[in-house]
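Comments concern the structure below.
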Amino acid sequence: MKFLLSFYNIAISVLSIIFSLFFAALAIIMSSSDNDFVSFLDEDGTFTYLMWTFKAVLISLFISLVYSIVLYTGTSYYIETKDPQIWLQHKSLFISLVLLFTYCMIATGLSVKHTIKFSEYRSTFLRIKRKEEQAKKTTQNN
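Per this note's numbering, numbering through the sequence shown is continuous, rising by one, with the last residue being 1049.
See the structure below:
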């Protein structure tokens, strides 16, 4: 039981840090996007896919965090009371948290990859926009 308590504690710490950083990253992406860039990304559905991915990962992080808090609280109470009738923990609870935790770590890594792709799209968009502005200036000068 002490191992489970330690694992739940680690899961709470890691998930809470990642959840807060992930939420901040999503806020930055949303605030740094202008309408033209969003339209550019959404021509092929990239922006919609990116937002859907972020939303799914954020929800799974939140569910994992709440689930690990519930398991930590129940296990801690069981250890303190040492009453087997109070909290009988089946191994499927632990395994489900491990799977959810693993999914969240992989999904967060993939979302970081998507964020890097977002930055690459942003630089491509700015390059295209700059070329268009230069073409306009050239046309106006002639």
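We treat Cβ as the ideally placed atom computed from N, Cα and C, and that holds for glycine.
Treat the numbers as computed from the prediction; the structure is a model and nothing was measured.
The beta-carbon distance between residue 912 and residue 1002, rounded to whole angstroms, is 16 Å. This is too long to meet the 8 Å contact definition. Note on residue 964: 16 or more other CB atoms within 10 angstroms of its CB, so buried under the neighbour-count rule. Contact between the segment 931 to 951 and the segment 966 to 985 is absent: fewer than 3 CB-CB pairs across the two stretches fall below 8 Å. The straight-line gap separating the alpha-carbon atoms of residue 989 and residue 914 is approximately 19 Å.
For residue 926, the CB contacts under 7 Å within the same chain, skipping 5 residues up- and downstream, are 968, 969, 972 in chain order.
Residue 984 is classed as exposed because its beta carbon has fewer than 16 other beta carbons within 10 Å across all chains shown. With respect to residue 934, residue 1004 sits apart: the two C-beta atoms are not nearer than 8 Å.
Annotated as distal: residue 947 and residue 1025, with beta-carbon spacing of 8 Å or more. A Cβ-Cβ distance of about 6 Å is found for the pair residue 916 and residue 979, placing them in contact under the 8 Å criterion.
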